[in-house]
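Report on one structure; see the data block that follows.
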Amino acid sequence: MTILDNSPPGDTDASSIDEPVGKAGDKIFFGLSFGAAALILVTLAAVAIFLFLEGLPIFTSDTAELDGDGSFVSYVGPLVFGTIYISVIALVLATPVAIAVALYVSHYAPRKLAQSLGSFIDLLAAIPSVVYGLWGITVLAPVMARSVFPWLRENLGFIPLFGSDVPIAQSGRSTLTVGVVLAVMILPIITAISREVFIQTPRLHEEASIALGATRWEMIRQAVIPYGRSGVISGAMLGLGRALGETMAVAIILSPAKGYFWDVLTAQNSNSIAANIALQFPESSGLEVNRLIATGLVLFVITFGVNAIARRIANAGFSGADG
Amino acid sequence: MNRSATRAPYFEASIPMTDSVRAPATAPNEPVDANAPVDLPNRIDIRDLDIYYGDFKAVEGVSMTINPRSVTALIGPSGCGKSTFLRSMNRMHEVIRGAYVDGEVIINGRNLYGPGVDPVAVRRKVGMVFQRPNPFPTMSIADNVLAGKKLNSKRMSKSVAAELVETSLRGANLWNEVKDRLDGPGSGLSGGQQQRLCIARAIAVEPDVLLMDEPCSALDPISTLAIEELMLELKNSYNIVIVTHNMQQAARVSDRTGFFNIEGTGKPGRLIEMDATEKIFSNPTEQQTQDYVTGRFG
Amino acid sequence: MSLTDIPPRPLESDERSNSDDAITSGSLAGAPMLGIFAGAVVIGALSWLPFGGVNWARWVIVTLLAYVIGTLIISRVVESPRQATDRFATAVMSSAFLLVMLPLVSVVWTVVERGANRFDWTFYSETMRGVIGEGGGGYHAIVGTLIVTSLTALFAIPFGLFTAIYLVEYANGSRFSKAVTALVDVMTGIPSIVAGLFAYALFVLIDGPGHRSGLAGAVALTLLMTPVVVRTSEEMLRLVPNELREASFALGVPRWRTITKVVLPTAIAGILTGIVLAVARVIGETAPLLVTVGITANLNKNPLSGRMATLPVFSYNSYKFPTLPPEASIDRAWTAALTLVLIVMVLFVTARILSSILKPKGLR
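Here the protein sequences come in this chain order: A, B and C.
Every letter in the first sequence is one number past the one before it in numbering that gives the first Met the number 0, and letter 258, counting from 1, is 257.
Every letter in the second sequence is one number past the one before it in numbering that gives the first Met the number 0, and letter 249, counting from 1, is 248.
Every letter in the third sequence is one number past the one before it in numbering that gives the first Met the number 0, and letter 159, counting from 1, is 158.
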């Protein structure tokens, strides 16, 4: 056996341990990384400051030249209402289906199929919103106007959501149609997050349940759903955040009007903040632009709040689930 | 390979080894008196070393001398700070945030913790092998061996590189097993082979000292045997310090053994006793050591 | 070869008939379930009758309803109530899945069908310059999208990657890093239109009101893409076992070389996949470009000044403000949408291929 023909130990000069190695490289690399991280802070501060600065004139300038009574609150109020109303409809429609699909992918579909289904759902999340918008107005809106709206108005007209003096929108360009399109758009997000937590259900919990003779559904109810509840909720909140900020689908499909409207079947609908900006911005100038930017700030605050709640739920849930 | 035939059969169980400890294996060409401090290059002197993680004092007041061309084993119960102590000898513990030491680790007359010492340079002088084999998954076997040189952007000719790969792999007793697949992935090897690849990688940097942190605890008995034999060969060229949980292993491979212990949770670990391996396992001075090596606790 | 002479004890169930055996009782598994589903499909098909024409959506919905209800009733009669609930749940889940497929398949089908009208060479080689009515194309919009997206990637990838490297390799849980992580979360939630307004406000301060440029659009998209890059890169870097870093440090390799030569190569498959997916996300963004880049009929290759056409805005604009005859405009809108969907799909396939090629074979 050959013994190493290294230079005998000890002939290396002892002083070499304080020759710095790669110090310059380390400094530069650290500088770049730290700089990038610091830039995140700067960027966010800049977003807040710029939106604030550009939105501020609406409160300080003479607003007589603007339409309406010029008050910002009466301008943004219906938009806030519309934004939240549409998003909540989308959320209510999407969440149950998303949970069912997530359970199907995580616990029912054959393993091989499940993987491709997972990436297919990811792909759907990446389809541009303008495409969903075009589809919504071309395909879905006529179907809704023809077969869904009349049925809802006739059979469920006693609920204020579906009944009012205003006739149903023949074009189908109403809040409900937008809600359905947004539901389709946020479904992949909620599904993806729910699937993730369902998959992470500890095997032990599942096997404990099955070993007691539970059927698959009973196992899901006993083990999977309790474990995944907080994950599903935070996924739904993230979906809500996405719906709140969704612009193009609403801008293309909705037929907006000024004011607060509960009826989801008519051609008079409260617009959303984002869609309003997209529609008004190209033709705006002067103070109108400032006003739109101020509404953007309001939207930012709303989504920020929703996302913060989502994160709090997620964090609280996961630490509790392990205990 | 013939040495193994004369060794005690391998066994893993923690049977007390009070009276029948085998004499430590001595290197064939250079017998070392294990007890007498030898004034050779690469002797390590540790003086009153305290190791902290933030506010927590993990190791307290360790002083010892580690002789070159020998294997020194550190034993003790879990959490007694022996691994932390080992890592302080090439400043690897500093990877953890808030870790610092108080005291001196002197190799060749230089304090590793002296002012101006670059921990990165220290690690080139003091190599380390870890508990779980960790070859770089993105590199071939040959590139793994060369990693220490290549990652430091040393350019070398192909022939020099090939020679270094061969000598290092031979040094780690792995050459014959992998010489036909040097371009294959390092992760394709068995656990024991991977660990020897990691040893080859460590010695390719030509360190003076080789630290081993429970190098066999993730391996099967046969691989363990191979690594132990390797250690006995390597000690002719390197100063080896090994942390092990396996007292039989310490008895088989080491010349001197240090016993660490801890008074209780949250208390710092201390070096209780350090002596020739034979003495530690047959007739230790301290009662704690006696209790530990006879399996009464730990 | 048996080791004992004692014959095996006969199983009790051997003496019973299978039908009333406790563990095989009243099973609908296999063929009967297929039968129920086939029946549901027929009922769905019958739902055409009162209306005359084939309506796919109604067929699918009625079929699924019949399947779910049929399963519940039949299983309750044949099997036990518990079994029935289980089968019902299974039916609901798989139906939900098929129900979701309905709009999604419809979206893809519609885009392909309508986009095919102008899926010709003219669309991909001509701009809208001087075009009124038929003809013209989206060449200028494709070029614009490529320019804006490339600029975005150029800004967002180093920005996001270095931030992730800071968070994983350097930060060690400092307060600053916690703040950065929290703010990345906030950034993830910024509505795209708000990102557009920010970029607009920023450039207005520099250039005065009414500013439009590809660069402003890229800044807006960078704001949207960076947090995605940070998140995925961070996740991938954290997956790299610490042992590899330690092994490298123990060889006396400086930290930055450990990161570039050991950590990044190990994580590169996941990071690149994440980046490609992030590009796929931003390439279809419409709203921020609408307010920052605007739209034009001409080819503009200079991102520093002037309006620029981009595919999503071109698609939106052609649909929303059609020229006469409207069909020509609307066809162009659909073909632009189809082109976008194709690009997104190509990016997805690229991501899959990248991740399978680059994944280190030996990573545990």
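The beta carbon of each residue, even a glycine, is placed where N, CA and C say it ideally should be.
Keep in mind it's a predicted model, so treat the numbers as computed, not measured.
- Partner residues in the beta bridge of B:THR71, as assigned by DSSP, are B:VAL240 and B:ARG255.
- Per DSSP, the unbroken alpha helix (DSSP H) holding A:SER229 starts and ends at 224–244.
- For B:LEU173, there is no enclosing beta strand (DSSP E), as DSSP marks it with neither H nor E.
- Taking a beta-carbon distance threshold of 8 Å, A:PRO255 does not count as an interface residue toward chain C.
- Neighbours of C:LYS260 in chain B, taken as residues at a C-beta separation under 7 Å, are given in chain order as LEU150.
- Counting every other CB atom within 10 Å of its CB across the protein chains shown gives A:TYR259 a total below 16, marking it as exposed.
- Between C:GLY216 and chain B, the shortest Cβ-Cβ separation is not below 8 Å.
- Listed along chain B, no residue sits closer than 8 Å to C:GLU234 by beta-carbon distance, the nearest being about 18 Å off.
- Closer than 8 Å to the CB of C:ARG230 there is not a single CB belonging to chain A.
- With its beta carbon less than 8 Å from one in chain B, C:SER247 belongs to the interface.
- Taken in chain order, the members of the region 109–123 of chain B whose beta-carbon sits within less than 7 Å of a beta-carbon on chain C are VAL119, ALA120, ARG122 and ARG123.
- Distances from the CA of B:ALA146 to each of B:TYR51, B:ILE202, B:THR243 and B:MET273 were compared; the closest alpha carbon is that of B:ILE202.
- Within the DSSP bridge table, the entry for A:THR265 names A:ILE167 as partners.
- Under the criterion of beta carbons closer than 8 Å, A:ASN289 and A:PRO77 do not qualify as touching, at roughly 19 Å.
- When 9 Å is used as the limit between beta carbons, A:ILE83 is near no residue of chain C, the shortest such separation being about 13 Å.
- Per the coordinates, the alpha-carbon of B:ASN175 lies some 12 Å from the alpha-carbon of B:THR166.
- Taking a cut-off of 8 Å on C-beta distances, the region 279–294 of chain C does not touch the region 117–126 of chain C, as fewer than three cross pairs fall below it.
- Scanning B:GLY191, B:ALA141 and B:ASN238 for the CA closest to the CA of B:ASN107 turns up B:ASN238.
- The beta-carbon of A:VAL87 is placed no less than 8 Å from the nearest beta-carbon of chain C.
- Against chain C, the CB of B:PRO136 has a partner CB under 8 Å away; the residue lies at that interface.
- Assignment of B:ARG42 by DSSP, reduced to helix, strand and coil, places it in the coil class.
- If you compare the alpha carbons of C:GLY305, C:ILE164 and C:VAL275 with that of C:ALA152, the shortest gap goes to C:VAL275.
- Inter-residue distance for B:PRO134 and C:THR144 is about 43 Å (C-alpha atoms, whole angstroms).
- For a cut-off of 8 Å, the C-beta gap from A:ALA89 to A:ALA182 is around 4 Å, short enough to register as a contact.
- The beta-carbon of C:GLY213 is placed no less than 8 Å from the nearest beta-carbon of chain B.
- Put simply, the CB of A:TRP134 is near chain C, with a gap under 8 Å to one of its CB atoms.
- Excluding sequence positions up to five before and after B:ASP182, its CB lies within less than 7 Å of the CB of SER139 and ALA141, all in the same chain and listed in chain order.
- According to the DSSP assignment, B:ILE105 belongs to no alpha helix (DSSP H) but to the beta strand (DSSP E) extending over 98–106.
- For C:VAL275, the closest Cβ of chain A is not nearer than 8 Å.
- In this structure C:THR231 touches C:ILE270 by the C-beta definition: roughly 7 Å separates them, less than 8 Å.
- In this structure, the CA atom of C:PRO157 is about 25 Å from the CA atom of B:LYS149.
- For the 8 Å CB-CB criterion, C:TYR318 and A:LEU139 do not form a contact.
- Leaving aside the five residues that flank A:ILE209 on each side, the residues in its chain whose CB is nearer than 7 Å to its CB run, in chain order, MET218.
- Runs of the alpha helix (DSSP H) spanning 4 or more residues and lying entirely within the region 124–183 of chain A occur at 128–134 and 148–155, in chain order.
- Taken through DSSP and simplified to helix, strand or coil, A:ASN314 comes out as helix.
- Beta bridge pairing from DSSP links B:ALA275 with B:ARG255.
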